[in-house]
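In what follows, a single structure is set out as structure tokens and then discussed.
In UniProt numbering, the protein residues as written are 1 to 360.
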């Protein structure tokens, strides 16, 4: 819990027993690898605000994601894009990824043995417990002896599994040292400034600030982060439901498209059928109209042709009667000749075609 201004100085409280860490979970390799080169052996890994990681060299080499890259070392406000999700961040917002530092510094070879031997006697027997006060592994015989001897019977013992888990958790945490007081570890957390501090910093620059030991403060923040993670999981369920609805709607849209395509094709086929039917009907009507008009024109032409033939014949006959026939024959036939000539002159001849050329 947070300390008040009247609390004991950090130097006086360091002797207090700190809470033991729980067993560390295995870290997914994706969280330990560079987002650019995919290497798990990140050199100077930097953590983006979006929680993706990249090597410092990869960030500087990937100039496409950096603004003002030529003066990058001098401009902490220059922006850089995360190579994974392309979220923008200022150079000053990139921090060292100590999770990867710890994972590299404490590999599998640094984990405590799963079968420790007793360090309290010389029998090399397998240990079954660990004495926190003596910092010794104890076999079953030494455990019984510990309980009988007056000076050790009040010691705190852990069973082997709990002790191994605690040691593994402690081994996974590499100490960080103060950049101002390089011999001092950052064992304190100033709650007022939201910052890791060493003992000297807390007594000097952060005097009378609220603070807590790292283990205690981390437990509080772990609980807070776990609460946020729980809310994230709830939101993830909501997002998954939303995605399921979107995918369902996506399929619905595809099915609607297929249905509409079939309807449009059927409509097109119907239109084509109707157009063909109507076209054939119009062609038939056109043929009938054309044939009728052509028949009328032919009849008109035939009539005019007959009139023309009659004119030629009557004109030739009259000319013959006047110039070559005898007078008696002329007078005898004049009534026929005169009547025919007058009939032809009275016959109406329409100069224009009887039907129009345009059609509707």
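No residue lacks a Cβ here, since even glycine has one placed at the ideal position from N, Cα and C.
Are residue 189 and residue 212 closer than 8 Å when you measure CB to CB? Within the chain shown, the letter at position 189 stands for residue 189. Within the chain shown, the letter at position 212 stands for residue 212. Cβ distance < 8 Å, so residue 189 and residue 212 count as in contact.
Quick one: any contact between the segment 298 to 309 and the segment 277 to 286, if contact means 3 or more CB pairs under 8 Å? no
Can you tell me whether DSSP reads residue 81 as helix, strand or coil? Numbered from 1 along the chain shown, position 81 holds the residue referred to as residue 81. In the structure shown, residue 81 sits in a strand (DSSP, three-state: E or B).
So for residue 62, helix, strand or coil by DSSP? As a working mapping, residue 62 is identified with position 62 in the chain shown. Note: residue 62 maps to coil in three-state DSSP.
Nearest to residue 300 by alpha carbon, out of 351, 261, 326? What you label residue 300 is simply residue 300 of the chain shown in a count that begins at 1. Cα-wise, what sits closest to residue 300 is 351.
Please state whether DSSP places residue 197 in a helix, a strand or coil. Within the chain shown, numbered from 1, the residue matching residue 197 stands at position 197. It is a strand residue.
Pull up the DSSP beta-bridge partners for residue 53, would you. In the chain shown, the residue the question calls residue 53 occupies position 53. Paired residues: 47.
In this structure, does DSSP put residue 139 in helix, strand or coil? Here residue 139 is taken as the residue at index 139 of the chain shown, counted from 1. In this structure, residue 139 counts as coil in the three-state DSSP scheme.
In chain order, what residues of the same chain have a beta carbon less than 8 Å from the beta carbon of residue 43, not counting five sequence neighbours either side? Taking the chain shown and counting its residues from 1, one reaches residue 43 at position 43. Correct list, in chain order: 55, 56, 57.
Between the Cα of residue 199 and the Cα atoms of 115, 183, 192, which residue gives the shortest distance? By 1-based counting over the chain shown, the position of residue 199 is 199. The candidate whose alpha carbon is nearest that of residue 199 is 183.
CB of residue 337 within 8 Å of CB of residue 358, strictly: Reading the chain shown from its first residue, position 337 is the one you call residue 337. Reading the chain shown from its first residue, position 358 is the one you call residue 358. No, the pair does not count as a contact, with Cβ atoms beyond the cut-off.
Around the C-beta of residue 135, are 16 or more other C-beta atoms found within 10 angstroms, so that it is buried, or is it exposed? Here residue 135 refers to the residue found at position 135 of the chain shown. By the neighbour-count rule (16 or more Cβ atoms within 10 Å), residue 135 is not buried but exposed.
Starting from residue 234, trace the beta strand (DSSP E) in both directions and tell me its first and last residue. By 1-based counting over the chain shown, the position of residue 234 is 234. Unbroken run through residue 234 is the alpha helix (DSSP H), 214 to 323; no beta strand (DSSP E).
The beta strand (DSSP E) with residue 89 in it runs from where to where? Taking the chain shown and counting its residues from 1, the one referred to as residue 89 is at position 89. Element bounds for residue 89: 88 to 90.
Report buried or exposed for residue 144, applying the criterion of at least 16 other Cβ atoms within 10 angstroms of its Cβ. For the purposes of this step, residue 144 is taken as residue 144 along the chain shown, with counting starting at 1. Residue 144 comes out exposed.
For the beta strand (DSSP E) containing residue 158, name the first residue and the last one. For the purposes of this step, residue 158 is identified with residue 158 of the chain shown, where counting begins at 1. Counting along the chain, the beta strand (DSSP E) containing residue 158 begins and ends at 157 to 159.
What span of residues does the alpha helix (DSSP H) with residue 329 cover, start to end? Here residue 329 corresponds to residue number 329 of the chain shown, with the count starting at 1. That run of the alpha helix (DSSP H) goes 327 to 346.
If you reduce the DSSP assignment to three classes, tell me which class residue 129 lands in. Sequence index remark: in the chain shown, residue 129 carries index 129 (1-based). Three-state result, residue 129: strand.
Take the Cβ of residue 139 as the centre, count every other Cβ of all protein chains shown within 10 Å, and call the residue buried at 16 or more, exposed below. Counting from one through the chain shown, the residue named residue 139 turns up at place 139. Buried: at least 16 other Cβ atoms inside 10 Å.
Helix, strand or coil, according to DSSP, for residue 188 in the structure here? Counting from one through the chain shown, the residue named residue 188 turns up at place 188. DSSP places residue 188 in strand when its eight states are reduced to three.
Quick one, which of 221, 177, 180 has its alpha-carbon nearest residue 191's? What you label residue 191 is simply residue 191 of the chain shown in a count that begins at 1. The candidate whose alpha carbon is nearest that of residue 191 is 221.
Can you list, in chain order, the residues of its chain with a C-beta nearer than 6 Å to that of residue 130? Leave out the 5 residues immediately preceding and following it. What you label residue 130 is simply residue 130 of the chain shown in a count that begins at 1. Answer for residue 130: 137, 158, 163, listed in chain order.
Under the three-state DSSP convention, the category residue 183 falls into: To locate residue 183, count along the chain shown from 1; it is residue 183. Residue state, collapsed to three classes: coil.
Applying the criterion that 16 or more other CB atoms from any shown protein chain within 10 Å of the CB defines a buried residue, is residue 109 buried or exposed? Translated into the one-based positions of the chain shown, residue 109 becomes position 109. In this predicted model, residue 109 has a pLDDT of only 45, less than 50, meaning its place in the structure is not dependable; the value taken from the coordinates is given anyway. Residue 109 should be labelled exposed.
What's the call for residue 375, buried or exposed, on a 16-neighbour Cβ count within 10 Å? Summary: the structure shown does not reach residue 375, with the chain confined to residues 1 through 360, and so no result is reported for it.
For residue 349, is the classification buried or exposed, using 16 other Cβ atoms within 10 angstroms of its Cβ as the cut-off for buried? For the purposes of this step, residue 349 is taken as residue 349 along the chain shown, with counting starting at 1. Exposed: under 16 other Cβ atoms inside 10 Å.
Which one of 34, 77, 49, 51 has the shortest CA to CA distance from residue 62? As a working note, residue 62 is residue 62 in the chain shown. Residue 34 is the option with its Cα nearest to residue 62.
How would you call residue 92, buried or exposed, if buried means at least 16 neighbouring beta carbons within 10 angstroms? Counting from 1 along the chain shown, the entry for residue 92 is found at position 92. Under this definition residue 92 is an exposed residue.
According to DSSP, residues forming a beta bridge with residue 95: For the purposes of this step, residue 95 is taken as residue 95 along the chain shown, with counting starting at 1. DSSP, once it has assigned bridges, lists 47 as partnering residue 95.
Burial state of residue 52 (16 or more Cβ within 10 Å): The residue you call residue 52 lines up with position 52 of the chain shown. Residue 52 should be labelled buried.
Between residue 133 and residue 117, how many whole angstroms is the CB-CB distance? I'm expecting something under 8 Å. Here residue 133 refers to the residue found at position 133 when the chain shown is read from its first residue. Here residue 117 refers to the residue found at position 117 when the chain shown is read from its first residue. Not a contact, Cβ separation roughly 19 Å.
So who's on the other strand from residue 117, going by DSSP bridges? Your numbering for residue 117 matches position 117 in the chain shown. Note: residue 117 sits in a beta bridge opposite 126.
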